[in-house]
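Peer 1:
There are 2 protein chains.
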Amino acid sequence: MSHTLGVRQAQKQKTRQALLDAALGLLEEQSLSSLGLREVTRAVGVAPTAFYRHFRSTADLGVALVEEALGSLHPMIRTTVSTAGDSEERIVRAVELIARHVDAFPAHVRFIARERHGGVQPVREAIRDQLLRFAREVKTELAEDPEADGWSDEDLLMLAHLYVDQMLITASLFLEALDCPPGEREQVTRTATRQLRLISIGRSHWTG
Amino acid sequence: MSHTLGVRQAQKQKTRQALLDAALGLLEEQSLSSLGLREVTRAVGVAPTAFYRHFRSTADLGVALVEEALGSLHPMIRTTVSTAGDSEERIVRAVELIARHVDAFPAHVRFIARERHGGVQPVREAIRDQLLRFAREVKTELAEDPEADGWSDEDLLMLAHLYVDQMLITASLFLEALDCPPGEREQVTRTATRQLRLISIGRSHWTG
DNA sequence: CCATGCAGTTAACAACTGTTCTCTGGATTT
DNA sequence: AAATCCAGAGAACAGTTGTTAACTGCATGG
């Protein structure tokens, strides 16, 4: 059973989460490599030195943010790719799901898009690892589809990567369209849907 | 005729270029939003105040770097997409050309990949504008292909964006593989080629 | 109930930042 | 040849940064 953790550790995790939240907020207008430790603690309202009780450095905090932003996404991936229905339905559902996710967690999406190629190596590697996990999961889902008969493992993974990258691009476009008139968002939906459709067509006509 | 510019302006452009080069070097291990003005001038060997003779801020310098990194790429795009040969030949040639470009200008490629979603708004916009121009150019090239009969303008642009994004992803992967054993690079080549092939297949079976 | 652990505080450190003002010396113009 | 211009130097500014050390007070385990 889950042991109720003491008042002590509860407070600690509370301020830790406050640091993560404050950092995520500050990162909407800058990159991680320019995020100062004092800046974060100031936003939370704690002393600068309190930071060290939770993270070694801002890079360390960044790795924790990767976990928070992508770690909880794996179940969603599985259920999305594997939902029943014909190809067209699945595509529409996937794009909608991405749009809703960007609406719900815009700061998370922005952080991942920004730091995927950002200036902090450990964070880049953490994101790369998570995306590789995504690709592998998508691959196993694709492998279960009867359409995947005759596909080599390598080709399945190459297609999975195509889908994952496309997902990120689409999410980033939805993010840019957040402050725009709703027409923009619909345009992103149209384009993303058609791109996925084109990939899907290419898949069904693929000859290993 | 091109008027030979005086010793005065020649020196100025020389230090300006030195600032750009130094910045590009420093940006291999950080993002633009954490790049300090003093840091750049120190690397060049000039006084910090000299910076203002050339740029208003590091963000301004970043915009200039976008111009340098992407501005000279347009002719290459045109000749690549429009070279003769069947679809397969063009794909192989395109991937090779990307690989060579990453080899020749790794810092430029890294800068674009990093700052495309980076923390400095004017730079993001400059990159977005250039990529949009690329997409439009690719679109006009695609439109000339007989395979594009019956394609709407919207769908042509959607396909062009798919190609441009794919180009950037591939370039970024080649960049990561630069310090790795040559086997890595060949793997990137294989995957990128097949992804383009799949897109090409989807394109030939597309029904507007 | 008392001793220990530990999250968070306070104070201070040298180093660094962007920006302003003043100045200089050589190229440019007249 | 003299007057002007202007890229770059130099010094100083207030403000920021990461990191160390010694501390306080409260929840915890014996």
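In order, the protein sequence lines correspond to chains A and B. Take the first sequence: its position 145, counted from the start at 1, is 179 in the numbering used here, and no numbers get skipped. Take the second sequence: its position 181, counted from the start at 1, is 215 in the numbering used here, and no numbers get skipped. By construction, the Cβ of each residue, glycine as well, lies at the ideal position given by its N, Cα and C atoms.
1) Spatial neighbours of residue 70(A) within its chain, please: C-beta separation below 8 Å, excluding the five flanking residues on both sides.
2) Taking the alpha helix (DSSP H) that residue 180(B) belongs to, which residues open and close that run?
3) Could you spell out the range, first to last residue, of the alpha helix (DSSP H) harbouring residue 93(B)?
4) Should residue 195(A) be flagged as near chain B, meaning a C-beta pair shorter than 8 Å?
5) Going by the C-beta, is residue 39(B) closer than 7 Å to any heavy atom of the ligand MN?
6) Could you tell me whether the Cβ atoms of residue 198(A) and residue 165(A) are closer together than 8 Å?
7) Within 8 Å (strictly less), CB to CB, does residue 59(A) reach chain B?
8) Interface residues of chain B around residue 235(A) at Cβ under 8 Å?
9) Any beta-carbon of chain B closer than 8 Å to the one on residue 108(A)?
10) Quick one: residues in its chain with C-beta nearer than 7 Å to the C-beta of residue 36(A), no 5 flanking neighbours on either side, listed in chain order?
11) Name the residues in the region 201-212 of chain A whose C-beta lies less than 7 Å from a C-beta of chain B; which are they?
12) Look at the alpha carbon of residue 185(B) and the alpha carbon of residue 140(B), and state the distance between them as a whole number of angstroms.
13) Which runs of the alpha helix (DSSP H), 4 residues or longer, sit entirely within the region 181-236 of chain A?
14) With DSSP run on the structure shown, which of helix, strand or coil describes residue 36(B)?
15) Mind pulling the chain B residues with CB within less than 8 Å of residue 147(A)?
16) For residue 199(B), return the contacting residues in chain A, with the cut-off set at a CB-CB distance below 7 Å.
17) Closer than 8 Å, CB to CB, is residue 225(A) near chain B or not?
18) Does residue 63(B) get closer than 8 Å to chain A when you measure Cβ to Cβ?
19) Secondary structure at residue 118(A), three-state DSSP: helix, strand or coil?
20) Report the rounded CA-to-CA distance for residue 58(A) versus residue 108(B), giving the unit in angstroms.
21) Would you call the region 216-224 of chain A and the region 151-165 of chain A touching, i.e. three or more CB-CB distances under 8 Å?
22) Under a CB-based cut-off of 8 Å, is residue 164(A) close to chain B?
23) Helix, strand or coil for residue 59(A)? Go by DSSP, reduced to three states.
24) With a threshold of 8 Å, are at least 3 pairs of Cβ atoms found where one atom belongs to the region 96-103 of chain A and the other to the region 71-85 of chain A?
25) With a 10 Å radius around its C-beta and 16 neighbouring C-beta atoms as the bar for buried, classify residue 223(A) as buried or exposed.
26) Compare the C-beta of residue 228(B) against all C-beta atoms of chain A and say whether one is closer than 8 Å.
27) Considering only their Cβ atoms, is the gap separating residue 145(A) from residue 61(A) smaller than 8 Å?
28) Would you tell me roughly how many angstroms separate the C-alpha atoms of residue 126(A) and residue 39(A), rounded to the nearest one?
29) From residue 194(B) to residue 241(B), what distance separates their C-alpha atoms?
30) Cβ closer than 9 Å: which chain B residues qualify as neighbours of residue 68(A)?
31) Tell me, please, whether the CB atom of residue 189(A) is closer than 8 Å to any CB atom in chain B?
32) How about residue 121(B) and residue 67(A): are their beta carbons less than 8 Å apart?
33) Let me know the secondary structure DSSP gives residue 241(B) once reduced to three states.
34) Span of the alpha helix (DSSP H) holding residue 148(B)?
35) Excluding the 5 residues preceding and the 5 following residue 128(B) in the sequence, name in chain order all residues of the same chain whose CB lies nearer than 6 Å to its CB.
Peer 2: So, to answer that:
1) 92
2) First-last for residue 180(B): undefined, no H or E at that position.
3) 92-104
4) So yes, residue 195(A) belongs to the interface.
5) Ligands displayed in this structure: none; no statement on the ligand MN is therefore possible.
6) Taking 8 Å as the Cβ cut-off, residue 198(A) and residue 165(A) qualify as a contacting pair.
7) no
8) 235, 236, 239 and 240
9) no
10) In this prediction, residue 36(A) scores a pLDDT of 45, lower than 50, which makes its location untrustworthy; the coordinate-derived value is nonetheless stated afterwards. No residues qualify anywhere along the chain.
11) Those would be 203 and 206, in chain order.
12) 36 Å
13) Entirely contained in the region 181-236 of chain A, the alpha helix (DSSP H) runs reaching 4 residues are, in chain order, 187-210.
14) At residue 36(B) the pLDDT is 43, less than 50, meaning the model places this residue with poor confidence and gives no usable figure here.
15) 151
16) 203
17) yes
18) Yes - at least one Cβ of chain A is within 8 Å of the one on residue 63(B).
19) coil
20) 36 Å
21) no
22) no
23) helix
24) no
25) buried
26) yes
27) yes
28) 43 Å
29) Residue 194(B) and residue 241(B): Cα-Cα distance of roughly 16 Å.
30) 64, 65, 66, 67, 68, 69 and 153
31) yes
32) no
33) coil
34) Segment 140-149, the alpha helix (DSSP H) holding residue 148(B).
35) 114
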